[in-house]
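K.L.:
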Amino acid sequence: MRIGVMILEGPYQHQAADSAYHFVQAALALGHEISGTVVAGPSDLVGKNVIVPAVMPCNNCPICAQGRGNRCLNQKMPGNSLGIYGGFSSHIPVPAGDLCVIDELKLPLDNYAVVADACTTPYQAGVRADLKQGDLVMITGAAGGVGVYMTQIAKAMGAKVVVGIDVVQPKLERSLNFGADYVINAKGKDLKAIKDEHKAICKAAGVPANYGWKIFECSGVTPGQDIALGLLSFIGKLIVVGFNPKPNNFMISKLMAFDAEMIGTWGCLPKYYPNVLAMVQDGRVQIQPFLETKPMSQIETVFEQQHSGLFDKRQVLVPDF
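See below:
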């Protein structure tokens, strides 16, 4: 398929900077959030605009047979385990059966690349949490690159109350227009102060503060994870969405005492992509306010600027070669 766009996000900075994320070998084209147009393959797909799932299962192993193919050990991920192929290129070969077809472009084709991971990972997290109508949800890292979609996905999946937690006030205020009902700025506050704010929110919303909350940890940093762990309470669930290479200090016996659950989540099954695409198409999930496009020929400059923290939006790189 011809790549219409590739999105730059955190892990690629680290791979380029030779950090802990450096787990693949050259030669390799990086990039796993891709939308584009099929130019060769099955006749019913040629000419179609599509989204490439970030992880594509083998569909032929015991893990896939259990419905957990999003963590298939033989999965193919562009920019990682799909041979030498990734999104920072003009074309890429991909399994035809996993593609998510965009029947109608209601947004520019390049915008849909964000569905490949940043939107679908929160949806899979919601599935893992058994998120349903009337649920109470907290999101740490709510203003980040995944959190901005987790707030919207949670609301779209039926959450009654969504509380966003982060440390950047303008972005938190923005999230009130994109899924969050209430926000807590955790900057400079200890856990007790955050809990007190949460209790006040629950009182105002008429919901319990000490049980039944589903917490989605999207920050991927130790302070955010510590907040999520500290807020987990009776019959609650903590879903770990963000990745952090550093350890946490947590008394796991609390899970027993609270009859609570801690759940990991990875990627998203391709079968769920049409559900997320439908949310984007009908406006329940907004993606345009959180991205901006640049020509892929500027990739080196964009990498440097991203690594320096100069952007507050997801960078969409459009092939121009």
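Everything in the sequence shown is counted per the working numbering, starting at 74 for the first residue and increasing by one.
Idealized CB from N, CA, C, for every residue including glycine.
As the structure is a prediction and not an experimental result, all values here were calculated from the model.
On a Cα-Cα basis, can you pick out the residue from GLY220, ASP183, VAL240 and ALA227 that is closest to LEU204?
P.N.:
The shortest Cα separation from LEU204 among GLY220, ASP183, VAL240 and ALA227 belongs to ALA227.
K.L.:
By how many angstroms is the C-alpha of PRO281 removed from the C-alpha of HIS95?
P.N.:
Here the model assigns HIS95 a pLDDT of 43, short of 50, so the residue's position is not dependable and the matter cannot be decided.
K.L.:
Return the CA-CA distance between TRP286 and ASN258, expressed in angstroms with no decimal places.
P.N.:
So the two alpha carbons sit approximately 19 Å from each other.
K.L.:
Starting from MET329, follow the beta strand (DSSP E) in both directions and report where the run begins and ends.
P.N.:
It is not in any beta strand (DSSP E) - MET329 instead sits in the alpha helix (DSSP H) that spans 326-331.
K.L.:
Just tell me which of ILE336, ILE267, LEU118 and MET369 has its CA closest to the CA of CYS291.
P.N.:
Of the listed residues, the one whose Cα sits closest to CYS291 is ILE336.
K.L.:
Indicate whether ALA186 and GLU270 have their beta-carbon atoms separated by less than 8 Å.
P.N.:
Against a cut-off of 8 Å, the Cβ pair of GLU270 and ALA186 comes out as no contact.
K.L.:
Extract the residue ranges of the alpha helix (DSSP H) inside the segment 135-169, only unbroken runs of 4 or more that lie entirely within it.
P.N.:
Within the segment 135-169, the complete alpha helix (DSSP H) runs of at least 4 residues are 135-138.
K.L.:
As a quick exercise: from CYS341, LYS344, PRO168 and ILE267, pick the residue whose alpha carbon is nearest that of GLY297.
P.N.:
Of the candidates CYS341, LYS344, PRO168 and ILE267, the one whose C-alpha sits nearest the C-alpha of GLY297 is ILE267.
K.L.:
DSSP on ILE308, reduced to helix/strand/coil?
P.N.:
Residue state, collapsed to three classes: coil.
K.L.:
Taking contact to mean at least 3 C-beta pairs separated by less than 8 Å, is the segment 124-136 in contact with the segment 148-160?
P.N.:
The segment 124-136 is in contact with the segment 148-160.
K.L.:
Can you list, in chain order, the residues of its chain with a C-beta nearer than 8 Å to that of GLN354? Leave out the 5 residues immediately preceding and following it.
P.N.:
Taken in chain order, the residues that qualify are GLU177 and LYS179.
K.L.:
Under the assumption that SER248 contacts THR224 (Cβ atoms under 8 Å), give the Cβ distance between them as a whole number of angstroms.
P.N.:
Confirmed, Cβ separation roughly 5 Å.
K.L.:
Given that a residue counts as buried once 16 or more other Cβ atoms are within 10 Å of its Cβ, and exposed if not, what is ASN184?
P.N.:
That one is buried.
K.L.:
Apart from the five residues on each side of it in sequence, which residues of its chain come closer than 7 Å, Cβ to Cβ, to THR295?
P.N.:
Contacts found: ASN317, LYS319 and ASN321.
K.L.:
Could you give the DSSP three-state label for GLU334: helix, strand or coil?
P.N.:
Three-state DSSP puts GLU334 in a strand.
K.L.:
Could you please give me the residues that DSSP links to LEU209 through a beta bridge?
P.N.:
Per DSSP, VAL234 and TRP286.
K.L.:
For LEU342, which residues from the same chain have a beta carbon less than 6 Å from its beta carbon, with the 5 sequence-adjacent residues on both sides left out?
P.N.:
Excluding positions up to five away in sequence, the list reads GLY142 and ASN143.
K.L.:
Examine the Cβ distances between the segment 193-212 and the segment 363-378 and report whether three or more of them are shorter than 8 Å.
P.N.:
No contact exists between the segment 193-212 and the segment 363-378.
K.L.:
Where does ILE76 fall in DSSP's three states?
P.N.:
Looking at ILE76 - three-state DSSP - the assignment turns out to be strand.
K.L.:
Per DSSP, what are the beta-bridge partners of TYR255 in this structure?
P.N.:
Paired residue(s): VAL236.
K.L.:
Look at the alpha carbon of MET329 and the alpha carbon of ASN283, and state the distance between them as a whole number of angstroms.
P.N.:
Near 16 Å, if we compare the C-alpha coordinates of ASN283 and MET329.
K.L.:
Residues in the same chain with beta-carbon distance under 6 Å from LYS233, minus the five sequence neighbours each way, listed in chain order, please.
P.N.:
If we look at LYS233 and ignore the five residues flanking it on each side, its Cβ neighbours are GLY207.
K.L.:
Using CA coordinates, which residue listed in ALA113, ASP332, LYS121 and ALA102 is at the minimum distance from LEU155?
P.N.:
Looking at the Cα atoms, ALA102 is the closest of the given residues.
K.L.:
Mind checking whether VAL123 and ILE175 have CB atoms under 8 Å apart?
P.N.:
Yes. Within cutoff.
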